[in-house]
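K.L.:
Please read through the structure below; I'll follow up with questions.
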Amino acid sequence: MAGSDAGTVDVNEVDEDFAHLRGLLDELPFMERTRDALVRADAAAAAVEADRRARDAESLLAQADEELVRARAARVEAQARGDARLVEACECDELFRADSRGLREGPAQTLRAQADAALERAGLASIDQARAALVDDGTRAAWERRIAAYQRDYAETLARCRSAEGQGDGAGSA
1 MAGSDAGTVD
11 VNEVDEDFAH
21 LRGLLDELPF
31 MERTRDALVR
41 ADAAAAAVEA
51 DRRARDAESL
61 LAQADEELVR
71 ARAARVEAQA
81 RGDARLVEAC
91 ECDELFRADS
101 RGLREGPAQT
111 LRAQADAALE
121 RAGLASIDQA
131 RAALVDDGTR
141 AAWERRIAAY
151 QRDYAETLAR
161 CRSAEGQGDG
171 AGSA
């Protein structure tokens, strides 16, 4: 705020600053909604990513299930043929496939629980709702810039208004 002298206050600038501050306060509910939408979009993105990881793990588990079914079928066929060496090899393969499946089951369950928890934290009922709440990178960046610009403008304007109030209080003293 510039005055004609270092110690004087330009009343027009002060009035403009206070009017601008009132305008910023009027805009506050919109900025809060924008911030809330950004937070919601972040939570939705976390839920979508958690769901992707869970689906990947579940796919690996399903693949392990299929491999185990094939190994069991091969063992049964080997037993029907009466080939003891083949039965022994098939039993080893079946045990390996069962172990592989077991190693994939826990992570799949854990990741699904994490995905469900991410949905709950986001306040969303389904992954479809989470996907619908996503925003593209351009929109996200625009919201972030707008919020940051608002916060800077508010802080600077508030500081000028407080300074003007302080100068106004001491204007009569030497």
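Heads up, the sequence shown is in this note's numbering, so the first residue is 1 and it goes up one at a time.
All C-beta atoms in this analysis are idealised placements derived from N, C-alpha and C, irrespective of residue type, glycine included.
Keep in mind the model is a prediction, meaning the values are calculated, not measured.
(1) Suppose you measure from the CA of Ala117 to the CA of Ala142; what does that come to, to the nearest Å?
(2) For Leu111, which residues from the same chain have a beta carbon less than 6 angstroms from its beta carbon, with the 5 sequence-adjacent residues on both sides left out?
(3) What is the DSSP secondary structure of Val69, counted as helix, strand or coil?
(4) What residue does the alpha helix (DSSP H) around Val87 start on, and which one ends it?
(5) Within the continuous alpha helix (DSSP H) that includes Ala125, where are the two ends?
(6) Taking the alpha carbon of Arg101 as the reference point, which residue from Val76, Ala71, Tyr150 and Gln79 has its own alpha carbon closest?
(7) Out of curiosity, what's the CA-to-CA distance linking Leu28 and Asn12?
(8) Might you give, ordered along the chain, the residues of its own chain that have their beta carbon closer than 6 angstroms to the beta carbon of Tyr154, omitting 5 neighbours on each side?
(9) Where does Ala26 fall in DSSP's three states?
(10) Between Asp26, Asp93, Gly123 and Leu95, which has its C-alpha nearest Val48's C-alpha?
P.N.:
Taking the definition as stated:
(1) One C-alpha to the other measures close to 29 angstroms.
(2) These residues qualify, in order along the chain: Arg53, Ala54 and Ala57.
(3) Here Val69 sits in helix by DSSP.
(4) Ala84 to Ala122 is the extent of the alpha helix (DSSP H) around Val87.
(5) DSSP places Ala125 outside any alpha helix (DSSP H), giving it a letter other than H or E.
(6) Nearest option by C-alpha distance: Ala71.
(7) Approximately 24 angstroms between the Cα atoms of the pair.
(8) Here Tyr154 has Leu24 as same chain residues with Cβ atoms under 6 angstroms from its own Cβ, once five neighbours each way along the sequence are excluded.
(9) Looking at the sequence itself, residue 26 is Asp, so the reference to Ala does not match. If DSSP states are grouped into helix, strand and coil, Asp26 belongs with the helices.
(10) Comparing Cα positions, the closest option is Gly123.
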